[in-house]
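Structure first, then comments.
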Amino acid sequence: MRAVNTVKQKNGFFSFESKDHARPTNLHRVVDNPHNLWKSTRPKQHEIQRAEIKARLITGTFILQSNAMKYNKSEVSATCKLCEVDDETREHLLGRCSALNRLREENFTRLKGSVSDDNKCTTITQDLDMLIHIILDCTHSSLKDLVVLSPEQETNIKRWSQAYCERLVTHRAQIISSKQWVYKLYILSFRIN
């Protein structure tokens, strides 16, 4: 992996940031050539919101527990609030969190329908890293030799993955919210007794 170093000017001061992780996207700096994520998005409000969620996951700007821990070292644990087993990373959320298994299974049925080739689908779903890469960017050059997809399949997978990411994030928020509510009720019950 290659480190990315940037210098930013903020309030008249320069700060140096180093990011030591690779992004699984094809980032083009051409204004007339938007990322494939945006090319497959229809101009409808709910589809744009789905694309925004996926874009935040792709770029690493969606705050998960592992990100929050980096910025609040002593206050926040990196452990996933859903399964409470592993650190909550993007990969954990998209493919490993046991609390989201049922939702994941339901949505992979739609992925199988989008691919429409059992061999391709087996290849994709058996390798978790490839599956996560397909979810984030099915047009990435590193996947071209491993899985050949038609333009229609690519578009279907892009749209499916946007809906999948939205469902995961929404379900995650609902579970966390309900756990916090239960915890508050638990604390209140001790105060009453």
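Everything in the sequence shown is counted per my numbering, starting at 11 for the first residue and increasing by one. Built from N, CA and C at the ideal position, the CB exists for glycine as well.
- Taking C-alpha atoms, which residue in N129, T149, D128 and L153 lies nearest to M140? Locating residue 140 in the sequence shown gives position 130, counting from the first residue. For M140, the closest of N129, T149, D128 and L153 by C-alpha to C-alpha distance is L153.
- Which first and last residues belong to the alpha helix (DSSP H) in which C131 is found? By one-based count along the sequence shown, residue 131 stands at place 121. D128 to Q136 is the span of the alpha helix (DSSP H), which, as asked, contains C131.
- Item | For T149 and E162, the rounded distance between their alpha carbons | By one-based count along the sequence shown, residue 162 stands at place 152. By one-based count along the sequence shown, residue 149 stands at place 139. Taking the straight line from one Cα to the other gives about 12 Å.
- Query: Tell me the DSSP bridge mates of T89?
  - Reply: By 1-based counting over the sequence shown, the position of residue 89 is 79. Its beta-bridge partners are D97.
- For A78, which residues of its own chain have a beta-carbon under 6 Å away from its beta-carbon, when the five flanking residues on both sides are left out? The count along the sequence shown starts at 1 and reaches residue 78 at position 68. Close CB contacts of A78 within its chain, under the 6 Å cut and outside five residues either way in sequence, are with V86 (chain order).
- Let me know if L146 comes out buried or exposed under the rule of 16 or more other beta-carbons within 10 Å of its beta-carbon. If you number the sequence shown from 1, residue 146 lands on position 136. The residue is buried, with at least 16 neighbouring Cβ atoms inside 10 Å.
- Message: Could you compute how far the alpha carbon of L138 sits from the alpha carbon of E101?
- Response: Position 128 of the sequence shown, counted from the first residue, corresponds to residue 138. Position 91 of the sequence shown, counted from the first residue, corresponds to residue 101. C-alpha separation (whole angstroms): 9 Å.
- Message: Is the separation between the beta-carbon of C131 and that of I63 shorter than 8 Å?
- Response: Position 121 of the sequence shown, counting from 1, holds the residue named residue 131. Position 53 of the sequence shown, counting from 1, holds the residue named residue 63. Judged by their CB atoms, C131 and I63 are not nearer to each other than the 8 Å cut-off.
- Message: Please determine whether the Cβ atom of D147 lies at a distance below 7 Å from any heavy atom of the ligand GDP.
- Response: This structure simply doesn't include the ligand GDP, nor any ligand for that matter.
- What span of residues does the alpha helix (DSSP H) with S7 cover, start to end? Since the first residue of the chain shown is 11 and the last is 203, residue 7 is not available in this structure.
- Task: May I ask you to report which of helix, strand or coil DSSP gives F72?
- Result: The residue labelled residue 72 in the question sits at position 62 within the sequence shown. Residue state, collapsed to three classes: coil.
- Message: Quick check: the Cα distance between R120 and N166, rounded to an integer number of angstroms?
- Response: One-based indexing of the sequence shown puts residue 120 at position 110. One-based indexing of the sequence shown puts residue 166 at position 156. Near 10 Å, if we compare the C-alpha coordinates of N166 and R120.
- A88 versus S171: straight-line alpha-carbon distance, rounded: Translated into positions along the sequence shown, residue 88 becomes position 78. Translated into positions along the sequence shown, residue 171 becomes position 161. Each residue's Cα considered, the two are about 25 Å apart.
- Taking the alpha-carbon positions, what's the A183 to L104 distance? If you number the sequence shown from 1, residue 183 lands on position 173. If you number the sequence shown from 1, residue 104 lands on position 94. Near 14 Å, if we compare the C-alpha coordinates of L104 and A183.
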